[in-house]
Every structure is written in C-alpha cells, then in structure tokens.
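Let me begin by presenting the structure, written as structure tokens, before commenting on it.
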Amino acid sequence: MERGGHANGATERYEVREHDVLIIGAGGAGLRAAVEAAEAGLSVGVVTKSLLGKAHTVMAEGGIAAAVGNVDPDDSWRQHFIDTMNSGKMLNNWRMVEHFTKEAPERVFELEQWGALFNRTPQGRISQRPFGGHTYRRLCHVGDRTGLEMIRTLQEKTLATDAKVYMETTVTKLLKDGSGRVVGALAYTRESGEFVHFKTKAVIMATGGWGRIYKVTSNSWEGTGDGVVLAYDAGAELVDMEMVQFHPTGMVWPPGVRGLLVTEGVRGEGGLLRNSEGERYMEKYDPEKMELSTRDVVARANYTEVTEGRGSEHGGVYLDITHLGYEGIMKKLPTMHEQFLKLADIDISREPMEVFPTVHYTMGGIKVDPDNCETSIPGLFAAGECAGGLHGANRLGGNSLSDLLVFGRRAGIGVVEYVGGSAHGAEIEEREIQTEIQRVLDPLEKPAGDGDESPYLMQQELQTAMMEHANLMRNEESLKEGLGKILALKDRLPRVKVGGTRLFNPGWHTAQDIRYLIQISEIILRTALERKERRGAQWRLDFDGPDEELGKINFIVKKDPQGEVGIERREISPLPEHLASLLEGKVADMAGGEKRGAESQF
Amino acid sequence: MSEGNGNVPSKAYAPVEDTELGREEGKTTKLKIFRGDANGGEEVEYEIPLVEGMVVLDAVLYVQAHEANDLAVRWNCKAAHCGSCSAEINGKPKLLCKTRVEEFEGDIHVQPLRAFPVVKDLVSDVSWNYEVSKGIPAFHSAEQAPFTMHEEDVERLYEPKKCIECFMCQDVCHVLRTHHKHAEFAGPRFFVRSQWLEMHPMDDRDRLQYLKEDEGLGFCNITKCCTEVCPVGIKITDNSIIPLKERVADEYYDPAKWLMRKIRGRPNARSDGASPNGR
Chain A
46 MERGGHANGA TERYEVREHD VLIIGAGGAG LRAAVEAAEA GLSVGVVTKS LLGKAHTVMA
106 EGGIAAAVGN VDPDDSWRQH FIDTMNSGKM LNNWRMVEHF TKEAPERVFE LEQWGALFNR
166 TPQGRISQRP FGGHTYRRLC HVGDRTGLEM IRTLQEKTLA TDAKVYMETT VTKLLKDGSG
226 RVVGALAYTR ESGEFVHFKT KAVIMATGGW GRIYKVTSNS WEGTGDGVVL AYDAGAELVD
286 MEMVQFHPTG MVWPPGVRGL LVTEGVRGEG GLLRNSEGER YMEKYDPEKM ELSTRDVVAR
346 ANYTEVTEGR GSEHGGVYLD ITHLGYEGIM KKLPTMHEQF LKLADIDISR EPMEVFPTVH
406 YTMGGIKVDP DNCETSIPGL FAAGECAGGL HGANRLGGNS LSDLLVFGRR AGIGVVEYVG
466 GSAHGAEIEE REIQTEIQRV LDPLEKPAGD GDESPYLMQQ ELQTAMMEHA NLMRNEESLK
526 EGLGKILALK DRLPRVKVGG TRLFNPGWHT AQDIRYLIQI SEIILRTALE RKERRGAQWR
586 LDFDGPDEEL GKINFIVKKD PQGEVGIERR EISPLPEHLA SLLEGKVADM AGGEKRGAES
646 QF
Chain B
35 MSEGNGNVPS KAYAPVEDTE LGREEGKTTK LKIFRGDANG GEEVEYEIPL VEGMVVLDAV
95 LYVQAHEAND LAVRWNCKAA HCGSCSAEIN GKPKLLCKTR VEEFEGDIHV QPLRAFPVVK
155 DLVSDVSWNY EVSKGIPAFH SAEQAPFTMH EEDVERLYEP KKCIECFMCQ DVCHVLRTHH
215 KHAEFAGPRF FVRSQWLEMH PMDDRDRLQY LKEDEGLGFC NITKCCTEVC PVGIKITDNS
275 IIPLKERVAD EYYDPAKWLM RKIRGRPNAR SDGASPNGR
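Residue numbers (the working numbering), protein chains in the order written: chain A, 46 to 647; chain B, 35 to 313.
Right, dumping it as structure tokens:
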C-alpha cells in the first residue's frame, strides 16, 4: 500500500506496512522473538540494517553459557546465579538473573532441536568449556564460531515461519498514539532511500549495543545504539548506561585490525598472558582465577601493564596459546588461527598474539520488566544487548548469547500477550510523518554551505574523544572534558551535510547514525560522572574502592520535560529470601577482587 | 597524552591513537573502483596512503570517508566472519576485509559481484539467495533434544556449517553467472546447506526429490569453481555436491529402484508428511 501524494511539493510518498509486531534488529534476540511471535500466530515484521544473518551475533565466538552440567555435573542454575550476580557487582536485576540462569539450558536444547550443532563430550552430549568468572565449565560451543551457528540456526528457523524480513532497512522514529502507546515506526530502505510507515500494535527493540562510539572496538559499523536512542526519544527509561565492557583481548597490529576480537576461548583453552618481561602478571591482579578472572579485572590488568611500560612492540601484552599445538588449535580455535595468519601474518601455533582491551559490550540499556521485557512505554519491548539490567556492572563471557535466547523468547511471549485480541493501531497524523521524513532527508537535500560537516569525520572525532575520556579508567576531570567535547559535537549536528543521491548512500546513512552516537555518549559521560566509585566496568580513579550506598542503586536515565538527560537514583529492591540465601557468604569483593587504595590503579 | 605505551600522566586519559600509525612514508596505492548503478557506470581511480597490513576494505573505507561519501559498499565484522563484503577484485570474488593490498602489484580493480543485479557501486542485490534459502525444507527431528550424538557422527557436518554466506560461490558458478539458471538452480551455497541437513543424524526429512527437482543439482558439472573461491575453505564440490549427487543417483537412477517406482508409484519423499517449511 502506498500513501502520500502530490498535494504540495514537500509531501513525500511512502509505503505502509501493517504487522501485529515490528521487531527492530535481526540478531539473536530479534530472531528468537520473531520465532516466538510468528509461531503464536502474530503477523511479524523484522527490520535489519544489514542483510539477514550478518548481525553482530555472528561475531560471538566462545560459547553460550548455560548450566546444563554436561562436563561438571555439580553445576546448577544456582551457581550460575551466584557467578552472574558477583560479576555484575550486585547491580543486576536479580529477577532477570533468576529467569536467565534457570531457562538458559532449555534455550540451548531448543537450538539443538532446530538444527544447531555443538561440539560433543565423549558421552555424546553438548561439550562445555571454561570461561572467565564461571565456577564450572559452562560454555556450550562449536569451535570458536558459536555465534555463527546460533545466528544461522535462528535465521533458518525464522525463514521457515511467516515472519516478513525487511533487509537493509533503517528505523528513524517510533510512532505513538494519543494515549502514549507505541504503535509503529517510520523507516527507510537503504537500497532505494524510500520511506516505509510500519503500522503495528507493538514494537520489540533488539538493536544491540553501541561499541561504535569508541575508536577501538570489536563491534561492526552497525553498533550505533539506534534502539536505545529511539526508545529514549519515545520517553523510555534507560538503566546502568555508565557500564561499558572492555574485552581484555582485542587485536593490536596491523592498524586496520586494531580492536578485532580475540575470543576469551583462547584463555578458556589455557592461553597465558605475559608482559614484555615474560612475567605472568595476572598473579598480581587475581592470583586465584589468573587469566580466567572476570573481564573487567583482566582488561584493567592488560591496560595497566602497557601503560606502566611493560607492553609489547605494538602496545599490547602477549597472549600465548602455543602449548595447544597446531592440531589442538585447529580443533578448538580454527577461526583465531586463520584471523591472525591472514590479517597479521602471525601463526598462533608458533608465536604469541599481541592483544589489548577493546570495547566490546554495553551492559546498560533500555530498562525492561524482567518477566515480559516491556519497557516503561506501553507497546514497546526490548531484549538482548540494547536492554539493560541482566549483567549489572560487568557481563560474564558467554552470558550474552543465552541472554539473547532467554529474553528474546520472553519478549516474544510478552508481545503475544500484549497484542492479545485487541485491534489497536491508531492513525498517525500525516504531518508527523512528513516532518520526520523531512528531518531525515535534510542532510542530503539542503544546499551545500561553508560550515558543512562530514558525518564520517564527526564520528571519528567522537570516537577519539570517548576513547580518551570514557575509557576503562575514569576520573571527574577527564569525564567533564569529554562531555564538553561531545556537547560541542551536538551543537555541530545540524550542519551535517552529505552529497549524492538516496540510492544506497552510506554517507547519508552515517548522517543518521551520528545523532545516536552523540546522544549515547552524552548519557554515558553524565552517568559515569554520577557513579562516584569503583565497581565493575565503572572504575573511578578519583574514588577509593566501591561505595556501599551506590551499590544499592541503579542510575535511571529518562528524557526530562526540557528534552535534556534526566538522571534518577533508584534503589534496587532487596533480594527475596530464596535468592538472598544463595549469596550468603558467597559475595565477592565488589570492586572486583583487586588491590585497593587511591594511589594504586587497582 | 598520546605517547602510545609510555607512562601516561593521568590514567583516566587513555592514550589516543596516532592516526599516522603504520603509514608507510609517502607510499600510496591506487584503487580503481566501479562507480555506477543498474544503468551502468565506470571505474574511478582513487589514490590513498598506504598503511602497513592494509586490506582492500580499509582502502575502500578510506575513500568513503575522505573522497566519496556516497560510495556504496557492504561490510560488517571486518574479520572475515560475516561474509558481507564480498566483491570482485581484479576479476576474482574475494572478501574485501581479508584481502591485503600488498597482494597486488599494479592497479587494484574493485567491482561488485556480477552474478546478481548491481544496485550501486560495490553493492549487488543478493536477495534471491534468501528466497532460495526459504524454500529448502528446514531441519526437522521427531526426537527430543538434547540429542545424544558423538563426535564421529557429526564430524563431517562441521565443515558445511562454517559457511558465512558470502555468496561468492554463487557469483562464480557458471550455471548462475553465465547461464542465468536462477529459477531452476539453487547454487553451491545451498548444496552446502542441503548436505549438512541430509547428513545430520537426527534430521528425519528426505530432500532428495527437492534436490533433484527444485534445487537443480543435476545442472552442476563439477568444475570446482565454487571450491576455489570459498573463503572458509569448504570443499564444496568434493564434500557437498558430489555426495549429494551420489545420493540422488542411488535414489533415482538405480534400475531396481526405478522399477519399484514404476510399479508402486512415487514414494512419499517426506517421512513426516509435513510441508517443506514445517507449516
């Protein structure tokens, strides 16, 4: 169906597509939600900025954390709960963690039912590998390409339903009816630049993270945080936005691959970290867990070794897996072998890798109901990395893939219940749609001028500023300086101008992304200024250790009536008895177990 | 504050990457990139500074950021895991992110995949592949997971499962590229998928009829072009296509089975009686 007309020159034609639910994002969470909703009989539309099967889930390597107990029979959801809460430094939404740890095994078996193939134990069951911060061997995996297996399985499952997938389509605005419910979205197709009005009863946000606000990141170009800003603009609450995970091991050299992920599976398979003096320095930071400490701890250790002058030739530390030998590496880590050989001329079966922390994951995100993933806006749901709460102050490796499955499914069920028999799907004022279309077209259609800004160069400037000021070591002075730089970029935003036509024009697409990047960066810097302590991924050098009071609150962000970033301190509700008793005597040092003291970096 | 790995005065200011890092003094490389759309186009030459270890995608993205903001190219992971950035470099399909600039002496010509309609610059319309994929009878098992399967039962499935859907095997396959049999032929990518489905010990569907009649397996005359271009090293012809051809031959060209079919009529190809997509 086509809408719009030729009433006046400014009116754009656009297509109208109707679905019960629109799912924005086609990674693990979006596709799992799509399967759930489509199989329940809803009409489902899925939009993705890329081709189907290319979402960032495909990059996950190490495995899916689930306490199935195949190799360590003592493992249980309870231990997985304890590990996850400890890693998240108790900021986690405990109800989400309970659902997650209880349901993860079922979700893994379900993938197997749909054709996913995992490595096997000698008994013919799904094999599990150790990972940082997990008490038992817990990660179900297939070599080091678990994410590929997961996305392909979900993609093929989705294609076998009636869900309609709109590839290479970008959503620019959520649409709400008079009563404040989300009833659709406006989008454009990247190939043609033509607009689509999705008229729906509900929307699930599954857009992933925002690693692209940093220069050195393992994230693909897509990780621009669209979903969080779209939800924020629609009035939704965000949580824990200050928490950004630096993965301890990203590639360092050559420059073009800087930040590319080196899977934690390398350490899971026994990889050793050493500095330029040959010292296995993790002894100084976490003598108990060593290389398999949590990611926040290992990342800070790697960073510290390099900044204190014990780094490798290209400014990294050494990660050595040579003990596995060529055969072992080709069986357990074939992708890593290929990646280093092809891109860095390094044979990891013969020499160590050079690695350094890389921005990898965003713990914060849209605040959701732990049971059905509904946000604070009716009709808007969120799941996966763009949602916050499950991981608290630091995510455990492998918990992301099971997060996608557990909460993708729950969001799907949530939407099925919400949509029910009702037939809302209100009309949106034509003027609102035309205004949005004009906003989106502005960087392309306005005349060129002297003060024009390139979206690519602005993005690079922003990435450099965030890298410098919102890194894994923070202080007030630096955060404030960073905020100043980001706000200056915000002022320049209206001057973004791109050339070319609407036909597959990445310059125009980047002009949309830059707004998201700036807004998220501002929110991160402002919340990082508020959390005056050391806790998980938030490491304030100007404060000595964790703060007991701050350990009881989440920072909630919401757009205030003036359109500015509003921040609220919200108390975390106490754990119910059956969960509190699990943690008794098992709570780790909230700072992450490292050395304390203002002078120490740790 | 950008001293690299020296001591940084205040650790809250992370070292900022030197943008000149790895630049090879005064050295440049020349790229001739196809600029155009469905109505045609031409190669445009760009000269860019050479950086150590640079891949062709780095060079293309440099052009995009500095010289041609609207240059269309697909990419995602930049680590050869996602298969988005397939294009033709000097006439051969390659992943842009995995092809080093220094592999080439002289000009580097970058073109879109040619077995599919060109959308713009380096982007082709590959949506046909997803239509084919949708038609293939999906995995189905009457058994309830978790399955008991041993490594030796599933070893041979790991290889086809590595496929990253770059569609370069589709691009190079002459049945598609030269003879345009898109309506009758699924292409190497989907024989790879059909192989693991057929050989999965728990799958209970029979796709031989589908392979023969809908996927057009018989059109392949095993020239191995697909195997040569596979970026993840799947031996498509030897390990996927030939075993499938053997299964089809056993089923349809075995004289005894042929006679049985004549007498009994066509066997029901699907053991569970469900339609291809399980609906």
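Backbone N, C-alpha and C define an ideal beta-carbon position, used for all residues, glycine too.
Closer than 9 Å to chain A by CB, residue i
i	result
B:W230	yes
B:C197	yes
B:Y244	no
B:A283	no
B:W162	no
B:E86	yes
B:R108	yes
B:Q145	no
B:G60	no
B:F225	no
B:A220	no
B:N124	no
Buried or exposed by the 16-neighbour rule on C-beta atoms within 10 Å, applied to residue i
i	result
B:T281	Position check: residue 281 of chain B holds Arg in this sequence, whereas Thr was assumed. Buried.
A:G75	buried
A:V451	buried
A:H242	buried
B:G267	exposed
A:L532	exposed
A:H64	buried
A:A493	exposed
A:A32	Limits of chain A in this structure are 46 at one end and 647 at the other, which puts residue 32 of chain A out of reach.
B:Q204	buried
B:Q178	exposed
A:Q607	exposed
A:E213	buried
Chain B contact for residue i (CB, 9 Å cutoff)
i	result
A:E267	yes
A:F588	no
A:R641	Confidence is the limiting factor: at A:R641 the pLDDT is only 43, short of 50, which leaves the residue's position unreliable and the question unanswerable from this model.
A:D331	no
A:V543	yes
A:P118	no
A:P591	no
A:S224	no
Identified DSSP bridge partners for residue i
i	result
B:D71	B:G74, B:K154
A:W122	DSSP, once it has assigned bridges, lists no residue as partnering A:W122.
A:R585	A:R519
A:E616	A:I598
A:D365	A:L317
B:T62	B:P83
Chain A contacts from the stretch 129-140 of chain B (Cβ-Cβ distance under 7 Å): K132
Listed in chain order, which residues of the stretch 198-214 of chain B have Cβ atoms closer than 8 Å to some Cβ of chain A? I198, E199
Counting pairs of beta carbons, one from the stretch 345-354 of chain A and one from the stretch 159-166 of chain B, are three or more of them closer than 8 Å? no
Taking three-plus beta-carbon pairs below 8 Å as touching, is the stretch 566-586 of chain A in contact with the stretch 510-530 of chain A? yes
Using a Cβ-Cβ cut-off of less than 9 Å, list which residues of the stretch 65-79 of chain B approach chain A; keep chain order. D71
Three CB pairs or more closer than 8 Å across the stretch 478-491 of chain A and the stretch 547-561 of chain A: yes
With contact counted as at least three CB pairs below 8 Å, one residue from each stretch, are the stretch 87-95 of chain A and the stretch 61-71 of chain A in contact? yes
To be precise: take each residue of the stretch 91-102 of chain A, compare its Cβ to all Cβ atoms of chain B, and keep it if any distance is under 7 Å. Which residues remain? S95, L96, L97, G98, K99
Along the stretch 246-276 of chain B, where does the CB come closer than 9 Å to a CB of chain A? Name the residues. V266, G267
Check whether the stretch 426-442 of chain A and the stretch 130-141 of chain A are in contact - that is, three or more C-beta pairs closer than 8 Å. yes
Interface positions of the stretch 162-173 of chain A facing chain B (Cβ-Cβ less than 7 Å), listed along the chain: L162, R165, G169, R170, I171
Taking contact to mean at least 3 C-beta pairs separated by less than 8 Å, is the stretch 413-426 of chain A in contact with the stretch 446-464 of chain A? yes
Segment contact flag, the stretch 257-273 of chain A with the stretch 592-599 of chain A, C-beta cutoff 8 Å, min 3 pairs: no
What residues from the stretch 487-514 of chain A come within 8 Å of chain B, judged by C-beta to C-beta, listed N to C? S499, P500, Y501, L502, Q505, T509, M512, E513, H514
Check whether the stretch 175-187 of chain A touches the stretch 308-323 of chain A, counting contact only when three or more Cβ pairs, one atom from each stretch, lie closer than 8 Å. yes
Segment contact, 8 Å Cβ cut-off, at least three pairs: the stretch 375-394 of chain A with the stretch 112-122 of chain B: yes
Does the structure place the stretch 387-398 of chain A close enough to the stretch 245-259 of chain A that three or more beta carbon pairs sit under 8 Å? no
Whether or not the stretch 190-199 of chain B and the stretch 220-236 of chain B are in contact is what I'm after, with contact meaning three or more pairs of Cβ atoms, one per stretch, closer than 8 Å; do they touch? yes
Would you check if there are 3 or more beta carbon pairs closer than 8 Å linking the stretch 77-86 of chain B to the stretch 51-62 of chain B? yes
Specify whether the stretch 120-134 of chain B and the stretch 576-584 of chain A touch according to this definition: at least 3 beta carbon pairs, one from each stretch, less than 8 Å apart. no
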